[in-house]
Structure formats: structure tokens, C-alpha cells
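Numbering-wise (my numbering), the sequence shown opens with residue 4 and increments by one. Reviewing the structure listed below.
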Amino acid sequence: MPITNKATVTQWNEEKGFGFATANGIKYFVHISALGHPVRPPKVGDTIIICSFGKTEKGARIEKGILDGVASRDEQVTSPVRKNYRKAKKSKIAVIVAICIALAFAFDIYVVYTTPDDAPRNKKVCLLKENPAEKEYTSRLHVAKYICDNDRLPSYYVTKSEGKKLYEQKTGKTFVKWNFNPHTTLGVMIGGDYFDNREGRLPTAYYYEADVDYFGNNRGTNRLVYSSGCNIYYTTDHYKTFSKIVFEKQP
4 MPITNKATVT QWNEEKGFGF ATANGIKYFV HISALGHPVR PPKVGDTIII
54 CSFGKTEKGA RIEKGILDGV ASRDEQVTSP VRKNYRKAKK SKIAVIVAIC
104 IALAFAFDIY VVYTTPDDAP RNKKVCLLKE NPAEKEYTSR LHVAKYICDN
154 DRLPSYYVTK SEGKKLYEQK TGKTFVKWNF NPHTTLGVMI GGDYFDNREG
204 RLPTAYYYEA DVDYFGNNRG TNRLVYSSGC NIYYTTDHYK TFSKIVFEKQ
254 P
């Protein structure tokens, strides 16, 4: 099951301007404002290319995206005045693009590909523009990028045994089971324990595991399983199936 940055619209309320889309088994809230200015509203079955997403107490949401295959209103300008405006705008965009390319080389910005056809070069793609080392991230791609760059987990990850002790110290209760969200309850993520690959579903290596994509009231079933050398896999069903995450530099 390949990981993708594309979500499928499953519900849309045209009157209120919002709906829901799903990707990788996760349901995202999406507002029309997050999609720029498409010439028509989304409809069920449309594809949204996710540029950035976040989470609230109510769940995950798409913060910025592109409605795939649907032009923006800016692309439909026809009057001479607007054409001249667009030419000037294109010149500004060209300068901005040149600056962005320079920054990409300077700061090692990456485009994420999880399968060879996941983000074809002739289509719009979204960059992971944040630097994962600067603040805490819980999403699979940002955590995976940190592991790939540093060959270790971020400092806010603790092992299961450490998490249990922290829970008892912070709450004064005896740990029973993981029926709470470690990130919102303790301010940590769980990861760094050895993964034995007992069923042999992954190539032979010395693996560790880490929780990612905390959206509910517990640890959920989404995990990264990784070994040295940026060898990282993602599972959404608690180790039953895996998809490899591969990072390639923007050409």
C-alpha cells in the first residue's frame, strides 16, 4: 500500500464551502480557502494534492492543497488589462522561483517521493519547506526526514518503558495500558524500541520503531520502522503491511 500526498474528496458541502478527504487511511477536514481559487468547487471523487496539513482537537485538516486537474481563477483571466497584470505577475513569480531554487540548494529542501510515480516531474508537487530539526513534529514525513538526516529520532521521543515511568510520575497513577495520547498527555512521542520483524515482512536488518501521526486519544496504529542508512518504512495497520519512504533531492 503506497503512501501518497494525494487525498480523495469523500464529502463536500458546496453551500458551506468545506468537506472531507481521505489519504493513507486518515480523514482530513478541508476548507475551500485551503485550495486557493479553483474555477469550480471540489466534488466527491476529486483529488487534492496535499501541500501541508495540521491537526486540531477535532482531527486532521488540510491547510494548503491543490485541486488536481482544476485550473485556478487566475488562469482564466482574458481582458487586456488583466493580461498585462499577469505578465507583470509572471515576471515577479519568475524572480521568486529563482530565489526559491537558490534557497533549495542552500538549505537542502527536499521533495518527497514514496513511489516512482507518486509525484511526476511534469506535475505540481509540494515541498516540505519546514526544517524538522527546528520544532516538534508528529507526522510520518517530518519524523522520517529527521531520522534520514540525523540517523536517530528527535529528542522528544522516549521508549515505551520511559513513557510508562513518565506517565506514573506525571499523573500519580499506575500505568495499565496505552489508552491515552502520549503527546498531549505527557508532551512526548513513543519510539526507539527494537522491532524484531518476527514475520519477516521487511528485508533483514536491525530495526527500531516509532509512533507517528497522533490524531486520536491513544497511540493509534501508525508507525515508522527504520534502520540505519535512511531505510524507513511506514505502516498504518500495526505492522501488517508496509510502504517504504524514500527522499530524493529536488533536481
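Even glycine gets a Cβ: it sits at the ideal position worked out from N, Cα and C.
How close, in whole Å, do the beta carbons of residue i and residue j come, if the pair is a contact with beta carbons under 8 Å?
{"i": "V73", "j": "P41", "result": "5 Å"}
Locate the alpha helix (DSSP H) running through residue i, then write down its first and last residues.
{"i": "N153", "result": "R143 to N153"}
{"i": "K180", "result": "Note, K180: premise wrong, no alpha helix (DSSP H); not H, not E."}
{"i": "Y170", "result": "K163 to T174"}
{"i": "T187", "result": "P185 to T188"}
Taking C-beta to C-beta, are residue i and residue j nearer than 8 Å?
{"i": "K58", "j": "F218", "result": "yes"}
{"i": "I193", "j": "V228", "result": "no"}
{"i": "I29", "j": "D216", "result": "yes"}
{"i": "Y237", "j": "S246", "result": "yes"}
{"i": "A26", "j": "A10", "result": "yes"}
{"i": "G175", "j": "V191", "result": "no"}
Using alpha carbons as the reference points, say which of the options lies closest to residue i.
{"i": "I53", "options": "N27, K247, L169 and I65", "result": "I65"}
{"i": "Y242", "options": "E212, N221 and Y159", "result": "E212"}
{"i": "K173", "options": "A24, L189 and V179", "result": "L189"}
{"i": "T187", "options": "V179, Y170 and F178", "result": "Y170"}
{"i": "I35", "options": "P157, K46, V146 and Y236", "result": "K46"}
{"i": "Y159", "options": "T141, G175 and K148", "result": "T141"}
{"i": "R143", "options": "V249, N182, P206 and F198", "result": "V249"}
{"i": "I69", "options": "N8, Y197 and N27", "result": "N8"}
{"i": "P44", "options": "A26, G22 and G62", "result": "G22"}
{"i": "R226", "options": "G195, G166, G232 and E202", "result": "G195"}
{"i": "T239", "options": "G232, D214, V146 and K148", "result": "D214"}
{"i": "G232", "options": "Y210, G62 and A24", "result": "Y210"}
{"i": "T244", "options": "S75, N220, L205 and R222", "result": "L205"}
{"i": "R222", "options": "E17, P185 and F56", "result": "P185"}
{"i": "S75", "options": "V146, K61 and G39", "result": "G39"}
{"i": "D71", "options": "H145, V146 and I51", "result": "I51"}
{"i": "I220", "options": "G62, K168 and E251", "result": "It is Asn, not Ile, that sits at residue 220 in the sequence shown. It is G62 whose Cα lies nearest to the Cα of N220."}
{"i": "N234", "options": "I150, R201, P157 and V33", "result": "I150"}
For the beta strand (DSSP E) that contains residue i, what are its first and last residues?
{"i": "L38", "result": "Element bounds for L38: n/a, residue is neither H nor E."}
{"i": "A213", "result": "Y210 to D214"}
{"i": "E17", "result": "E17 -> no beta strand (DSSP E), and no H or E assigned at all."}
{"i": "F56", "result": "T50 to T59"}
{"i": "E202", "result": "Per DSSP, E202 belongs to no beta strand (DSSP E) and is neither H nor E."}
{"i": "V228", "result": "R226 to S230"}
{"i": "G68", "result": "G62 to L70"}
{"i": "Y236", "result": "N234 to T238"}
Taking buried to mean at least 16 other C-beta atoms within 10 Å of its own C-beta, is residue i buried or exposed?
{"i": "S2", "result": "The requested residue 2 does not occur in the structure, where the chain is confined to residues 4 to 254."}
{"i": "R155", "result": "exposed"}
{"i": "K180", "result": "exposed"}
{"i": "N182", "result": "exposed"}
{"i": "D199", "result": "exposed"}
{"i": "D49", "result": "buried"}
{"i": "G203", "result": "exposed"}
{"i": "A208", "result": "exposed"}
{"i": "K19", "result": "exposed"}
{"i": "A136", "result": "Note that A136 scores 42 on pLDDT, short of 50, meaning its location in the model is unreliable; the coordinates nonetheless yield the value given after this. A136 is exposed by the Cβ-count criterion."}
{"i": "E17", "result": "exposed"}
{"i": "Y31", "result": "buried"}
{"i": "A105", "result": "Any reading at A105 needs caution, since the residue's pLDDT is 47, under 50, leaving its predicted position unreliable; the model's value is listed next. The residue in question, A105, is exposed, as its Cβ has fewer than 16 Cβ neighbours within 10 Å."}
{"i": "V148", "result": "Inspection of the sequence shows that residue 148 is occupied by Lys rather than by Val. Per the 10 Å Cβ criterion, buried."}
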